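Notes follow the structure.
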Amino acid sequence: MANTKEIKSRIASVKDTQKITNAMYLIASTKMRKAKRELDQTRPYFDALQGEIKRIFRTAEKVDNRYFYPASGERERPGDRAYLVITADKGLAGAYNQNVIREAQRQMDQRGGGSKLFVVGDYGRQYFAAHRIPIEKSFLYTAQNPTLQRARDICSLLLDLYKRGEVSKIYVIYTDFNNGLDSSARTIRLLPFHRAQFVSPAAETEKAVKFPFDFFPTVEKVLDSIIPSYLTGYIYSALVDSFCCEQNARMTAMDAANRNAQELLDALAVEYNHVRQGAITQEITEIAAGAKGQRRYQEQMEGGAL
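Sequential numbering of the sequence shown, starting at 1103, is according to my numbering.
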């Protein structure tokens, strides 16, 4: 059994660890609120873009654009599929990174080949490198600071490959925040779009355009100008959603670590009290035995003198 000095040392070590986990919990909470606030400030712009695309399809019945499946229906296009996988830079976030990587591997296994992998986050880069899974492009900036400019850079690279015909479809694999209630890894196809994604519901159909629009130079060129900004907004939203999920997962993990540390401290406090009480009891027993022996010795000496 450990002595009181060893137990006190372990208690001090657990308290130091608890301070670190508590600080990480507070930091993650602050980062999540900040990222969510920035996303809420930019979302109206991209929602307005989606509304304009809907209005284009309400106005122009026949629109043929490379970013959309033809009106006749979906058909398979030649070329590889591009997967943008968003992970974190580090662990200590529960199963957050593992869920994203598992979803990415499931998608690529279903494809069976012809996949190009694009990774955000150091955790994902290290994982795929360790498992010798080739990465087409690794975005080396940190996943800890999602910005609109970085979303534009990613969008520009993926769109360039799509326009050149090197990839036929673009997917993003990320963790959807969903108000923090049900965070799950998702796979969303960015390109090409289904026209149904921009078909207005019945309530909006009544808001038919009363006056015709003039598209300059053409409706296709207008869509070519709008779609990159719309995709940038979607990628930025995925980056921020993933970042918020990471911080939420880290908060949950650190909260569990704090509770476990407190339970360990309570158990160590009980053990310390038992050891201390045992030491005190042993000392009292030794003192009592020594006093009893001393009395016997004095009685024997007095009896011999008489």
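Using N, Cα and C, we set each Cβ at its ideal position, and we do this for glycine too. Nothing here was measured: the structure is a model prediction, and the numbers come from that model.
Of the residues the options, the one placed nearest residue i, counting alpha carbons only
i: residue 1198; options: 1287, 1118, 1390 and 1399; result: 1287
i: residue 1188; options: 1216, 1290 and 1164; result: 1290
i: residue 1263; options: 1403, 1219, 1344 and 1145; result: 1219
i: residue 1158; options: 1212, 1132, 1329 and 1275; result: 1329
i: residue 1209; options: 1151, 1237, 1266 and 1273; result: 1273
i: residue 1349; options: 1181, 1105, 1136 and 1107; result: 1136
i: residue 1239; options: 1185, 1394 and 1246; result: 1185
i: residue 1182; options: 1213, 1153, 1206 and 1156; result: 1213
i: residue 1332; options: 1231, 1123, 1153 and 1124; result: 1153
i: residue 1271; options: 1294, 1261 and 1346; result: 1294
i: residue 1105; options: 1365, 1380, 1211 and 1394; result: 1380
i: residue 1265; options: 1326, 1149 and 1391; result: 1326
i: residue 1124; options: 1395, 1399, 1363 and 1149; result: 1363
i: residue 1216; options: 1205, 1229 and 1235; result: 1235
Close beta carbons around residue i, own chain, < 7 angstroms, minus the five adjacent residues each side
i: residue 1336; result: 1292
i: residue 1408; result: Per-residue confidence for residue 1408 stands at a pLDDT of 47, beneath the threshold of 50, marking its modelled position as unreliable; the derived number appears in the next sentence. Taken in chain order, the list of residues that qualify is empty.
i: residue 1418; result: Summary: the structure shown does not reach residue 1418, with the chain confined to residues 1103 through 1408, and so no result is reported for it.
i: residue 1376; result: none
i: residue 1389; result: none
i: residue 1206; result: 1185, 1187 and 1275
i: residue 1401; result: none
Same chain, Cβ closer than 8 angstroms to residue i, neighbours up to 5 away in sequence not counted
i: residue 1370; result: 1109, 1112, 1113 and 1116
i: residue 1231; result: 1237
i: residue 1131; result: 1349 and 1353
i: residue 1147; result: 1335
i: residue 1366; result: 1116
i: residue 1144; result: 1250, 1335 and 1338
Under 9 angstroms between C-beta atoms of residue i and residue j
i: residue 1352; j: residue 1127; result: yes
i: residue 1338; j: residue 1259; result: no
i: residue 1241; j: residue 1344; result: no
i: residue 1276; j: residue 1355; result: no
i: residue 1151; j: residue 1346; result: no
i: residue 1164; j: residue 1300; result: no
i: residue 1246; j: residue 1133; result: yes
Residues near residue i in its chain [Cβ-Cβ closer than 6 angstroms; skip 5 each side]
i: residue 1334; result: 1253, 1254 and 1257
i: residue 1221; result: 1187, 1227, 1237 and 1240
i: residue 1248; result: 1341, 1342 and 1345
i: residue 1317; result: 1324
i: residue 1138; result: 1346
i: residue 1399; result: none
Cβ of residue i within 9 angstroms of any chain C Cβ
i: residue 1350; result: Absent from the structure is chain C; it holds one protein chain and no more.
Under 8 angstroms, with one C-beta from each stretch per pair, do the region 1181-1197 and the region 1164-1171 reach the 3-pair mark?
no
Is it the case that the region 1346-1364 contacts the region 1106-1125, given that we only count it when at least three CB pairs across the two stretches are under 8 angstroms?
yes
Does the pairing of the region 1375-1392 with the region 1211-1231 give three or more beta-carbon distances under 8 angstroms?
no
Segment contact flag, the region 1322-1336 with the region 1198-1207, C-beta cutoff 8 angstroms, min 3 pairs:
no
Which runs of the beta strand (DSSP E) fall wholly inside the region 1113-1190 and span at least 3 residues, in chain order?
1182-1188
Length-filtered (4 minimum) alpha helix (DSSP H) runs lying within the region 1209-1271
1224-1232 and 1250-1265
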